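To start, the structure itself, in structure tokens.
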Amino acid sequence: MDVPWWRKAVVYQVYPRSFADGDEDGTGDLPGVRSRLDYLAELGIDALWLSPFYPSPLHDGGYDVSDYIDVDPRFGTLADFDALVADAGARGIRVIVDIVPNHCSIEHPAFQEALTAGPGSVQRDRFIFREGRGDAPPNNWESMFGGPAWTRVSDGQWYLHLFDSAQPDWNWRNPWVATMFDEVLRFWLDRDVGGFRIDVAHGLFKDAALPDLDDPTPSDRISPYYHQSDLAAHYRSWRAILDSYPGNPTAVGEIWVEDPEDWRLYLDPAGLPQLFNFLLLRAPWSADAFRRVIDTAFATLGDSPTWVLGNHDVVRQVTRYGLIKPATGVMTQPGTMVGPNAVIDQALGTRRARAAALLLLALPGSAYIYQGDELGLPEVLDLPLRDDPVFRRSVGHFLGRDGCRVPMPWSGTTEPYGWHRPWLPPPDNWTDLTVAAQQADPTSTLWLYRDASRIRRAHEALGAGELRWRDAPPGGLVFEREPGFVCAINFGPGSMPLPGYGKVLLASSPLDDAALPPDTAVWLQAD
Ligand code: NOJ
Numbered sequence: 060m061d062v063p064w065w066r067k068a069v070v071y072q073v074y075p076r077s078f079a080d081g082d083e084d085g086t087g088d089l090p091g092v093r094s095r096l097d098y099l100a101e102l103g104i105d106a107l108w109l110s111p112f113y114p115s116p117l118h119d120g121g122y123d124v125s126d127y128i129d130v131d132p133r134f135g136t137l138a139d140f141d142a143l144v145a146d147a148g149a150r151g152i153r154v155i156v157d158i159v160p161n162h163c164s165i166e167h168p169a170f171q172e173a174l175t176a177g178p179g180s181v182q183r184d185r186f187i188f189r190e191g192r193g194d195a196p197p198n199n200w201e202s203m204f205g206g207p208a209w210t211r212v213s214d215g216q217w218y219l220h221l222f223d224s225a226q227p228d229w230n231w232r233n234p235w236v237a238t239m240f241d242e243v244l245r246f247w248l249d250r251d252v253g254g255f256r257i258d259v260a261h262g263l264f265k266d267a268a269l270p271d272l273d274d275p276t277p278s279d280r281i282s283p284y285y286h287q288s289d290l291a292a293h294y295r296s297w298r299a300i301l302d303s304y305p306g307n308p309t310a311v312g313e314i315w316v317e318d319p320e321d322w323r324l325y326l327d328p329a330g331l332p333q334l335f336n337f338l339l340l341r342a343p344w345s346a347d348a349f350r351r352v353i354d355t356a357f358a359t360l361g362d363s364p365t366w367v368l369g370n371h372d373v374v375r376q377v378t379r380y381g382l383i384k385p386a387t388g389v390m391t392q393p394g395t396m397v398g399p400n401a402v403i404d405q406a407l408g409t410r411r412a413r414a415a416a417l418l419l420l421a422l423p424g425s426a427y428i429y430q431g432d433e434l435g436l437p438e439v440l441d442l443p444l445r446d447d448p449v450f451r452r453s454v455g456h457f458l459g460r461d462g463c464r465v466p467m468p469w470s471g472t473t474e475p476y477g478w479h480r481p482w483l484p485p486p487d488n489w490t491d492l493t494v495a496a497q498q499a500d501p502t503s504t505l506w507l508y509r510d511a512s513r514i515r516r517a518h519e520a521l522g523a524g525e526l527r528w529r530d531a532p533p534g535g536l537v538f539e540r541e542p543g544f545v546c547a548i549n550f551g552p553g554s555m556p557l558p559g560y561g562k563v564l565l566a567s568s569p570l571d572d573a574a575l576p577p578d579t580a581v582w583l584q585a586d
């Protein structure tokens with residue numbers, strides 16, 4: 060089918076700090092990524108998305124940017140970036156960069172100028188500064204990371220930050236901000252990027268009246284700070300910039316919704332090319348839940364949507380799917396019932412995560428893989444140190460997202476698995492999960508991903524397009540894709556008869572003659 064590359068791409072997310080370390084300072088970097096391009100090429104990916112590598116004080120892992128058009132010295136140089144893009148391109152891999160337009164870092168020169176220039180200045184108008192209500196903040200909004208969404212500066216005014224206090228929100232109603240970001244897009248497009256992942260893409264415009272909320276609990280609902288109608292025109296203008304470059308660059312918006320109907324604001328063919336569909340990621344392990352979210356995604360987003368099972372903000376699949384008894388007291392994040400006292404069956408979680416991977420790569424559209432998911436890494440819950448502002452701002456009540464950001468285990472039988480003093484220490488029980496160990500084991504999760512992407516590339520039915528459901532027994536899902544491809548998943552608890560087929564292409568766990576064991580997925584060539 061003749062569709063833009065991004066409608067069928069397998070995109071691999073690299074969290075640069077934790078991927079590979081070129082200079083052995085304990086922090087991953089761009090030369091490290093470049094040194095692992097053969098590994099990524101063998102995974103059969105079409106693009107890699109780099110989480111932020113820009114100059115940053117790293118108060119939120121780099122999502123607090125102090126210069127949008129440079130590379131933090133800890134991550135390398137612009138020359139390293141160019142070399143990475145060129146070498147990736149030589150392997151047929153595009154590079155997508157993460158753009159963070161909702162907020163910057165308190166160290167961004169524009170914010171520093173705003174602080175110095177004082178109330179009423181043009182510099183302050185680039186951010187959202189207001190007088191308080193007496194000693195209280197200007198309104199009752201809360202930060203997504205906990206605590207108030209406002210911080211007071213020495214002259215008494217307050218600035219808005221939907222996230223950490225180190226991340227002041229830009230005022231998108233000021234044209235200076237829009238022009239600045241147009242230039243940022245062009246800067247990276249001129250360096251041949253394949254497109255952008257847009258951070259908090261639903262948050263840029265705030266209701267100018269900044270009204271109090273009836274319920275200030277942070278949420279992804281339509282609100283005075285999320286999903287404002289001005290975004291539609293905004294993304295049309297960004298699309299025009301993208302379309303003025305060759306190679307069909309994409310932009311995929313990070314748009315969390317509570318109601319999938321809220322996506323409609325963004326579904327303009329002349330607007331944002333893609334948005335993240337996180338429905339699968341939030342679905343519990345059940346055939347009904349998966350079927351429901353898949354149908355909802357098609358009904359709302361049309362054919363070939365995006366699919367996501369994991370990223371640097373959520374608990375790893377192996378741990379999510381292996382959760383037997385939820386945590387009490389300390390959890391990873393609000394509403395995420397994983398914590399040190401949760402009961403987790405890692406073998407079960409791994410089995411399910413492998414099945415989910417086959418589903419992900421068989422669905423019509425573009426699939427996002429987060430680094431380490433191809434190794435079946437679990438969430439690390441007992442880290443000796445934590446860096447996430449979610450942990451800091453909740454005073455330890457929520458562990459935060461460090462557990463899915465532990466450095467990739469490359470080699471060796473003891474931690475730190477090929478790293479030199481990594482910024483977060485990997486656990487000591489990952490010996491069998493390293494890349495080197497899994498490369499040597501044809502039954503490993505790494506080989507499952509490699510085989511699946513090889514088949515996905517070769518099979519005419521896979522990539523963009525549609526699916527058709529077949530009847531399946533309770534607890535199972537079966538769909539076909541033309542020509543001649545069938546995917547079946549058994550969510551358990553019993554065995555499920557295999558649908559009729561010509562041959563088995565790939566299975567996430569060994570098959571039981573003509574039956575599909577629980578928590579297993581299979582790809583079949585139709586008769
Ligand atoms: C979403 C990013 O994925 C997350 O890591 C970050 O903390 C927030 N946006 C704020 O930038």
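Start counting at 1 in the sequence shown, then tack on 59, and there's your number in the working numbering.
Glycine included, each C-beta is placed from N, C-alpha and C at the ideal position.
Since the structure is predicted, the reported quantities are computational estimates derived from the model, not experimental observations.
Item to complete: Tell me whether T210 sits in a helix, a strand or coil according to DSSP, three-state version.
Response: Start at 1 with the first residue of the sequence shown, and residue 210 comes out as number 151. Three-state result, T210: strand.
Discussion item. Could you tell me the alpha carbon to alpha carbon distance between D572 and N549, rounded to whole angstroms?
Written reply: Residue mapping note: residue 572 aligns to position 513 of the sequence shown, counting from 1. Residue mapping note: residue 549 aligns to position 490 of the sequence shown, counting from 1. Taking the straight line from one Cα to the other gives about 15 Å.
Discussion item. Under 8 Å, with one C-beta from each stretch per pair, do the segment 266-277 and the segment 333-353 reach the 3-pair mark?
Written reply: The answer is no - the segment 333-353 does not touch the segment 266-277, with fewer than three Cβ pairs under 8 Å.
Practice prompt. Please find out if some non-hydrogen atom of ligand 1 comes closer than 7 Å to the beta-carbon of D372.
Written response: Here residue 372 is taken as the residue at index 313 of the sequence shown, counted from 1. Checking every heavy atom of ligand 1 against the Cβ of D372, one is found closer than 7 Å.
Worksheet item: Taking DSSP as the reference, what is the three-state secondary structure of D228?
Response: By one-based count along the sequence shown, residue 228 stands at place 169. Reduced to three states, the DSSP call for D228 is strand.
Worksheet entry | S278 - DSSP class collapsed to helix/strand/coil | Looking up residue 278 in the sequence shown gives position 219. Secondary structure of S278 (DSSP, three-state): coil.
Fill in: Assigned secondary structure, L269 (DSSP; H/G/I helix, E/B strand, else coil)
Here residue 269 is taken as the residue at index 210 of the sequence shown, counted from 1. Correct three-state label for L269: coil.
Item to complete: Report the partner residues of D82 according to the DSSP bridge assignment.
Response: Counted from its first residue, the sequence shown places residue 82 at position 23. D82 pairs with nothing; no bridge assigned.
Discussion item. Please report the distance separating the alpha-carbon of F188 from that of Q226.
Written reply: Numbered from its first residue, the sequence shown carries residue 188 at position 129. Numbered from its first residue, the sequence shown carries residue 226 at position 167. Taking the straight line from one Cα to the other gives about 13 Å.
Worksheet item: Does the Cβ of N161 have 16 or more other Cβ atoms within 10 Å, making it buried, or fewer, making it exposed?
Response: Residue 161 sits at position 102 when you count from the first residue of the sequence shown. Buried, by the Cβ-count rule.
Worksheet item: For R350, which residues from the same chain have a beta carbon less than 8 Å from its beta carbon, with the 5 sequence-adjacent residues on both sides left out?
Response: For the purposes of this step, residue 350 is taken as residue 291 along the sequence shown, with counting starting at 1. Around R350, the same chain offers W528 and L536 as residues with beta carbons nearer than 8 Å, after the five sequence neighbours per side are excluded.
Discussion item. Can you tell me which residues form a DSSP beta bridge with K562?
Written reply: On the sequence shown, position 503 is the one that residue 562 refers to. DSSP, once it has assigned bridges, lists Q584 as partnering K562.
Item to complete: Can you tell me which of the three DSSP states I314 falls into?
Response: Here residue 314 refers to the residue found at position 255 when the sequence shown is read from its first residue. It is coil, neither helix nor strand.
Worksheet item: Does the beta-carbon distance from L436 to L492 come in below 8 Å?
Response: Mapped onto the sequence shown, residue 436 falls at position 377. Mapped onto the sequence shown, residue 492 falls at position 433. Going by C-beta atoms, L436 is nearer than 8 Å to L492.
Item to complete: Quick one: using the 10 Å Cβ neighbour count with 16 as the cut-off for buried, is I383 buried or exposed?
Response: Counting from 1 along the sequence shown, the entry for residue 383 is found at position 324. So I383 counts as exposed.
Worksheet item: Quick one: what's got a C-beta closer than 7 Å to D141's C-beta in the same chain, skipping five residues either side?
Response: Translated into positions along the sequence shown, residue 141 becomes position 82. Only R250 meet the Cβ criterion.
Worksheet item: What residues are listed by DSSP as bridge partners for Y427?
Response: Taking the first residue of the sequence shown as position 1, residue 427 is located at position 368. The bridge partners DSSP lists for Y427 are V70 and V367.
Worksheet item: What did DSSP end up calling F140 once you bin it into helix, strand or coil?
Response: Residue 140 sits at position 81 when you count from the first residue of the sequence shown. In the structure shown, F140 adopts helical secondary structure according to DSSP, grouped into three states.
Discussion item. Please determine whether the Cβ atom of V311 lies at a distance below 7 Å from any heavy atom of ligand 1.
Written reply: Here the question's residue 311 lines up with position 252 in the sequence shown. Every heavy atom of ligand 1 is 7 Å or more from the Cβ of V311, so no.
Worksheet item: Using 8 Å as the Cβ pair cut-off and three pairs as the minimum, do the segment 66-78 and the segment 105-113 touch?
Response: Yes: at least three Cβ pairs fall under 8 Å.
Discussion item. Assuming R256 is part of the alpha helix (DSSP H), what are its boundary residues?
Written reply: The residue you call residue 256 lines up with position 197 of the sequence shown. It is not in any alpha helix (DSSP H) - R256 instead sits in the beta strand (DSSP E) that spans G254 to I257.
Worksheet item: Taking 7 Å as the cut-off, does the CB of F457 come closer than this to any heavy atom belonging to ligand 1?
Response: On the sequence shown, residue 457 is found 398 positions in, with the first residue counted as 1. Flag unset: Cβ of F457 not near ligand 1.
Practice prompt. Return the residue from the list L109, S125, D578 and E539 that minimises the CA-CA distance to Y560.
Written response: For the purposes of this step, residue 560 is taken as the residue at position 501 of the sequence shown. For the set L109, S125, D578 and E539, the Cα lying nearest the Cα of Y560 is the one of E539.
Discussion item. Between which residues of its own chain and R323 is the CB-CB distance below 8 Å, once the five residues before and five after are set aside?
Written reply: Residue mapping note: residue 323 aligns to position 264 of the sequence shown, counting from 1. So the list reads T359, once near-sequence residues are dropped.
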